[in-house]
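Asker: My questions all concern the structure below.
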Amino acid sequence: MRLLLTALLITLLPLPALAQSSLFQLPPPKDPAEARRFTFYSYDQSLPLSVKQKLKDENVIRSRYAISFDSVHDQRVYGILSLPKEHKAPYPAIILVHGSGGHKETSYIVFIAEALVKAGFATLSIDTQYHGDRARPGVSGEIHMPDSFRMRDGWVQSVVDLRRCVDYLHSRPDIQKNKIGYMGFSQGAMLGAVLGGVEARIACFCLAVPGGGLLDIVKNIDKYPVIKAHWPLKKTPETMKIIEEVVDITDPIYYVGRILPRPLLIIVANHDEIIPPEASRALLIAAGVNEQESVIRTESGHVIPPVVVFSLRTFFKKHLREQTP
Numbered sequence: 013m014r015l016l017l018t019a020l021l022i023t024l025l026p027l028p029a030l031a032q033s034s035l036f037q038l039p040p041p042k043d044p045a046e047a048r049r050f051t052f053y054s055y056d057q058s059l060p061l062s063v064k065q066k067l068k069d070e071n072v073i074r075s076r077y078a079i080s081f082d083s084v085h086d087q088r089v090y091g092i093l094s095l096p097k098e099h100k101a102p103y104p105a106i107i108l109v110h111g112s113g114g115h116k117e118t119s120y121i122v123f124i125a126e127a128l129v130k131a132g133f134a135t136l137s138i139d140t141q142y143h144g145d146r147a148r149p150g151v152s153g154e155i156h157m158p159d160s161f162r163m164r165d166g167w168v169q170s171v172v173d174l175r176r177c178v179d180y181l182h183s184r185p186d187i188q189k190n191k192i193g194y195m196g197f198s199q200g201a202m203l204g205a206v207l208g209g210v211e212a213r214i215a216c217f218c219l220a221v222p223g224g225g226l227l228d229i230v231k232n233i234d235k236y237p238v239i240k241a242h243w244p245l246k247k248t249p250e251t252m253k254i255i256e257e258v259v260d261i262t263d264p265i266y267y268v269g270r271i272l273p274r275p276l277l278i279i280v281a282n283h284d285e286i287i288p289p290e291a292s293r294a295l296l297i298a299a300g301v302n303e304q305e306s307v308i309r310t311e312s313g314h315v316i317p318p319v320v321v322f323s324l325r326t327f328f329k330k331h332l333r334e335q336t337p
């Protein structure tokens, strides 16, 4: 009864002022379980950012700045902001997020950022919790171990950090506030799928090699030797109870369906050795996309070919530069 009343109150509460100014409105929670999930990703948008910025390097095309700002739970977010020189402000902006083994300056993130900034976009890449400048001795760089509440909290922290990225971009007069996109890879794509379900101020999303349906993957983990080596799980009743609670809050399938009708592009690797086809399929079904319109399939493994950058750039140019989303 208490959970039902909480969900009803959440449904009736007005949206925050920043969300109300967005061109897109997220629907209210459809049931108490969904309302409970969303509370994990709520935060106070009035918290000061306390931004620090320093020029990192520049060339004839762009300037890169090392930036940092405050998030929730006394956490500090560290990022790289790239601003184009060949285009005039205000710029459309794209948030870039690495995979589980990466950080804000991983090679593919830098490669994508350079391609996008040349096309006139500002880009912001950050370290998610326990990665890059936020790494901690003795703590895994992975933030989605399904049998760990600590990693669940790292996942939630990272999604809220991404919401703070939007706050930061909104604070800059050289950024077009209604033209902010998101590009995530692997784990970053899964974070983006969750972000899209709780954040209305992002105009379009590109998710590269994401997965979902994590509980089914765990239950059938013997079928996936690569994942089993990565997740040395003991499927005891106690462990399974923890896993069920963790994935109930973190699994992208509970959020990704709230991205539409905003533009959404999902990249699937047909020979992915990390994200099994069942996980890709679960994510696509939950997203509710038309495969012919919103899915690119590559004949590659988990590392997608660099040529895909042209499709990504075309997607963002269409939805952030050529028209108002």
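Just so you know, we're using my numbering here: the sequence shown kicks off at 13 and counts up by one. Even glycine gets a Cβ: it sits at the ideal position worked out from N, Cα and C.
Taking DSSP as the reference, what is the three-state secondary structure of residue 180?
Answerer: DSSP places residue 180 in helix when its eight states are reduced to three.
Asker: If residue 265 and residue 298 are in contact, beta carbons under 8 Å, what's the gap, nearest whole angstrom?
Answerer: The pair is a contact, with the Cβ atoms about 4 Å apart (cut-off 8 Å).
Asker: May I have the straight-line CA-CA distance separating residue 42 from residue 71, to the nearest angstrom?
Answerer: For residue 42 and residue 71, the distance between alpha carbons rounds to 49 Å.
Asker: Thinking residue 221 and residue 279 are a contact (beta carbons under 8 Å), I'd like their distance in whole angstroms, please.
Answerer: About 6 Å separates the two Cβ atoms, so the contact holds.
Asker: Cutting at 8 Å between CB atoms, please list the residues of its own chain near residue 285, excluding the five before and the five after it.
Answerer: The answer, listed in chain order, is 238, 313, 314.
Asker: Taking 8 Å as the cut-off, decide whether the C-beta atoms of residue 225 and residue 291 are in contact.
Answerer: In this structure, residue 291 lies closer than 8 Å to residue 225 by Cβ.
Asker: Here's the rule: buried if 16 or more other CB atoms are within 10 angstroms of the residue's CB, otherwise exposed. What is residue 319?
Answerer: When all chains shown are included, residue 319 counts as exposed.
Asker: Going straight from the alpha carbon of residue 95 to that of residue 326, what length do you get?
Answerer: Using only the alpha carbons, I get a separation of about 19 Å.
Asker: Determine the closest residue to residue 116 out of 277, 129, 141, 73, with distance taken between C-alpha atoms.
Answerer: Considering only alpha carbons, the answer is 141.
Asker: Between the C-alpha atoms of residue 246 and residue 267, what's the straight-line distance to the nearest angstrom?
Answerer: When rounded, the distance between both Cα atoms is 28 Å.
Asker: Return the CA-CA distance between residue 130 and residue 216, expressed in angstroms with no decimal places.
Answerer: Each residue's alpha carbon lies about 19 Å from the other.
Asker: Beta carbon of residue 87, beta carbon of residue 173: below 8 Å?
Answerer: Their beta carbons are under 8 Å apart, which means residue 87 touches residue 173 by this criterion.
Asker: Counting only the same chain and skipping the five closest in sequence on each side, list residues whose C-beta sits under 8 Å from that of residue 177.
Answerer: The answer, listed in chain order, is 89, 91, 107, 136, 138.
Asker: Spatial neighbours of residue 179 within its chain, please: C-beta separation below 7 Å, excluding the five flanking residues on both sides.
Answerer: Around residue 179: 57, 61.
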